[in-house]
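**Q** Note that full-length UniProt numbering gives residue 26 to position 26 of the sequence shown, counting from 1, and the numbers run on in steps of one. We treat Cβ as the ideally placed atom computed from N, Cα and C, and that holds for glycine. Quick one: structure below, then a few questions.
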Amino acid sequence: MPARVVDPAEVAARFREEVRADVATLTARTGATPRIVGLLSRPEGPARTYAQWAARGAADVGIDFVLRDVEPAAAADALREANSDPAVHGIFNYYPLADEHEDPWLRELVDPRKDVEGMHSFWSRMLYENRRRLDGGRRAILPCTPLAILKLLDDAGLRRSGEGAPLEGVTACVINRSDVVGRPLAAMLANDGAEVVSLDADGTVVFDPAIGRHAHSVRDSDEVRTQALARADVVVTGVPSRSFPLVTADEIKPGAICVNFSQFKNFDDSVLERAAAFIPRVGPMTVTMAMRNLVRLALL
């Protein structure tokens, strides 16, 4: 049977209903419309497209979205201004804002209480230590793209067996180990009990599940792509290159769930005949999870 193709826009629409209601309640309670400021330094390209989608997504749930074009050299000052503005409830950086060396520093300049991306080290440390709630009981903010992927995997039928380690027995292969998506996604899956084989150009590491201990652990591995794909119940790819050798049907385990979050095609069409479900893109859900994060931040 051909794979079920999951439309992220349809899944996102269901979450937006919840977010829209929360935004309306928040607006009525505070008398102010929640506002996100997006900072963008590129006149065109994927970052601008993403920002435009975010603006539409925010408007759909009643959030005021302000996109500010900034010069790379002025990005730090723009962030400080947004941090200090009480009318701004969330900040979204569209990378690259400056360059690969400056952008991690700019990410750290965002006030964690306004970090709708969930990428500040305050939130990252909670994620990697598997600390799910703040001292006051509020849920921690998770990075919006990895969170979007987890929600889409649930919709695609990823089995969950319980509360403590709901993904115990699941093996995942994530081909991407970026600090923005691949690494936090692997940690989130492992913290829920999955074994995650993480592949990138620097080699292979395994995120061992947080079963019998508080958080996952990470170790080096000599496992290669063919071995990892052949045993993975979940395959997630995010390789930003047209030259990436596409994942084919004969590489994956029958019945696997496959996710492509790269702007480029990472899977051969043949996987549709072998996978149980295929998620071709993630964007609409990422935007929705960012809006969901804003509501949670506003309640901190």
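1) Please name the residue, chosen from A140, N293 and P146, that lies closest to S262 on a Cα-to-Cα basis.
2) In angstroms, rounded to a whole number, what distance separates the CA positions of G164 and A210?
3) Does the distance from the CB of D200 to the CB of R177 come in under 7 angstroms?
4) Can you have a look at V196 and say buried or exposed, based on whether 16 or more other CB atoms are within 10 angstroms of its CB?
5) Is the segment 104-119 in contact with the segment 247-266, if contact means three or more CB pairs nearer than 8 angstroms?
6) In terms of residues, what are the limits of the beta strand (DSSP E) holding L67?
7) What number of angstroms, rounded off, separates the C-alpha of L67 from the C-alpha of A55?
8) Rounded to whole angstroms, what's the CA-CA distance from A74 to T286? Just pull it up for me.
9) Please classify T30 as buried or exposed, where buried requires at least 16 other C-beta atoms within 10 Å of its C-beta.
10) Identify, in the order they occur along the chain, each residue of the same chain with its Cβ nearer than 7 angstroms to the Cβ of A78, setting aside the five sequence neighbours on each side.
11) Write down the C-beta distance between P284 and A32 rounded to the nearest angstrom, noting that I regard them as a contact closer than 8 angstroms.
12) To the nearest angstrom, how far is the alpha carbon of D222 from that of T204?
13) Alpha helix (DSSP H) containing A12: first to last residue?
14) What residues are listed by DSSP as bridge partners for L39?
15) Please state whether DSSP places G238 in a helix, a strand or coil.
16) Determine the direct distance from the alpha carbon of V224 to that of P46, and round the result to whole angstroms.
17) Out of K265, A3, A76 and F264, which has the shortest C-alpha to C-alpha gap to I91?
18) According to DSSP, is N260 helix, strand or coil?
19) Quick one: measure Cβ to Cβ for V271 and A156, integer angstroms, because I've assumed they're closer than 8 angstroms.
20) Ignoring anything shorter than 4 residues, give me the alpha helix (DSSP H) runs that lie fully in the segment 117-164, in order along the chain.
21) Less than 8 angstroms between the CB atoms is what I'm expecting for residue 303 and A215, so what's the real figure, rounded?
22) When you compare the CB positions of A140 and V234, do they come within less than 7 angstroms of one another, or not?
23) Relative to the C-alpha of A277, which candidate in T288, P254 and L299 has its C-alpha closest?
24) Hey, how far is the Cα of A290 from the Cα of G238?
25) In this structure, how does DSSP classify A276 when only helix, strand and coil are distinguished?
26) Compute the distance between the beta-carbons of C144 and E100, then report whether it is under 7 angstroms.
27) So, with DSSP's three-state summary, where would you put S178?
28) Can you tell me the Cα-Cα spacing of P104 and W123, whole angstroms?
29) What does a CB cutoff of less than 7 angstroms around A298 pick up in its chain, not counting 5 residues either side in sequence?
30) Reducing DSSP to helix, strand and coil, say where D115 ends up.
31) When the distance is taken between beta carbons, is V259 closer than 7 angstroms to I149?
**A** Working from what's here:
1) Locating residue 262 in the sequence shown gives position 262, counting from the first residue. Measuring from the Cα of S262, the nearest candidate turns out to be P146.
2) Reading the sequence shown from its first residue, position 164 is the one you call residue 164. Reading the sequence shown from its first residue, position 210 is the one you call residue 210. If you take the alpha carbons of G164 and A210, they lie about 9 angstroms apart.
3) Position 200 of the sequence shown, counting from 1, holds the residue named residue 200. Position 177 of the sequence shown, counting from 1, holds the residue named residue 177. Going by C-beta atoms, D200 is nearer than 7 angstroms to R177.
4) Reading the sequence shown from its first residue, position 196 is the one you call residue 196. Label assigned to V196: buried.
5) no
6) Position 67 of the sequence shown, counting from 1, holds the residue named residue 67. D64 to D69 is the span of the beta strand (DSSP E), which, as asked, contains L67.
7) On the sequence shown, position 67 is the one that residue 67 refers to. On the sequence shown, position 55 is the one that residue 55 refers to. Rounded to the nearest angstrom, the two C-alpha atoms are 8 angstroms apart.
8) Position 74 of the sequence shown holds residue 74. Position 286 of the sequence shown holds residue 286. Rounded to whole angstroms, A74 to T286 spans 27 angstroms at the Cα level.
9) Here residue 30 refers to the residue found at position 30 of the sequence shown. The residue in question, T30, is exposed, as its Cβ has fewer than 16 Cβ neighbours within 10 Å.
10) Working through the sequence shown from its first residue, we reach residue 78 at position 78. Once the five neighbours on either side are set aside, the close Cβ partners of A78 are L39, R68 and V70.
11) If you number the sequence shown from 1, residue 284 lands on position 284. If you number the sequence shown from 1, residue 32 lands on position 32. Contact flag wrong, Cβ pair sits at about 27 angstroms.
12) Taking the first residue of the sequence shown as 1, we reach residue 222 at position 222. Taking the first residue of the sequence shown as 1, we reach residue 204 at position 204. Cα-Cα distance, rounded: 6 angstroms.
13) Numbered from its first residue, the sequence shown carries residue 12 at position 12. Its alpha helix (DSSP H) spans residues P8 to T30.
14) Taking the first residue of the sequence shown as position 1, residue 39 is located at position 39. For L39, which the question treats as bridged, DSSP gives the partners R68 and N93.
15) By 1-based counting over the sequence shown, the position of residue 238 is 238. Three-state DSSP puts G238 in coil, outside helix and strand.
16) Within the sequence shown, residue 46 is the residue found at index 46, counting from 1. Within the sequence shown, residue 224 is the residue found at index 224, counting from 1. Near 31 angstroms, if we compare the C-alpha coordinates of V224 and P46.
17) The residue given as residue 91 occupies position 91 in the sequence shown. Comparing Cα positions, the closest option is A76.
18) Taking the first residue of the sequence shown as position 1, residue 260 is located at position 260. DSSP places N260 in strand when its eight states are reduced to three.
19) One-based indexing of the sequence shown puts residue 271 at position 271. One-based indexing of the sequence shown puts residue 156 at position 156. Contact doesn't hold; Cβ gap of about 13 angstroms is too wide.
20) 121-128 and 144-155
21) Any question about residue 303 goes unanswered here, given that the chain covers just 1 to 300.
22) For the purposes of this step, residue 140 is identified with residue 140 of the sequence shown, where counting begins at 1. For the purposes of this step, residue 234 is identified with residue 234 of the sequence shown, where counting begins at 1. Taking 7 angstroms as the Cβ cut-off, A140 and V234 do not qualify as a contacting pair.
23) For this step, residue 277 is matched to residue 277 along the sequence shown. Of the candidates T288, P254 and L299, the one whose C-alpha sits nearest the C-alpha of A277 is P254.
24) Stepping through the sequence shown from its first residue, residue 290 is reached at position 290. Stepping through the sequence shown from its first residue, residue 238 is reached at position 238. C-alpha separation (whole angstroms): 19 angstroms.
25) Position 276 of the sequence shown, counted from the start, is the residue given in the question as residue 276. Residue state, collapsed to three classes: coil.
26) As a first step, residue 144 is located in the sequence shown; it is residue number 144 there, counting from the start. As a first step, residue 100 is located in the sequence shown; it is residue number 100 there, counting from the start. Cβ distance not < 7 angstroms, so C144 and E100 don't count as in contact.
27) Your numbering for residue 178 matches position 178 in the sequence shown. S178: coil per DSSP, three-state reduction.
28) Reading the sequence shown from its first residue, position 104 is the one you call residue 104. Reading the sequence shown from its first residue, position 123 is the one you call residue 123. Going from the Cα of P104 to the Cα of W123 covers about 14 angstroms.
29) One-based indexing of the sequence shown puts residue 298 at position 298. Hits under 7 angstroms: L26, P34 and H89.
30) Here residue 115 refers to the residue found at position 115 of the sequence shown. If DSSP states are grouped into helix, strand and coil, D115 belongs with the strands.
31) Taking the first residue of the sequence shown as position 1, residue 149 is located at position 149. Taking the first residue of the sequence shown as position 1, residue 259 is located at position 259. Yes.
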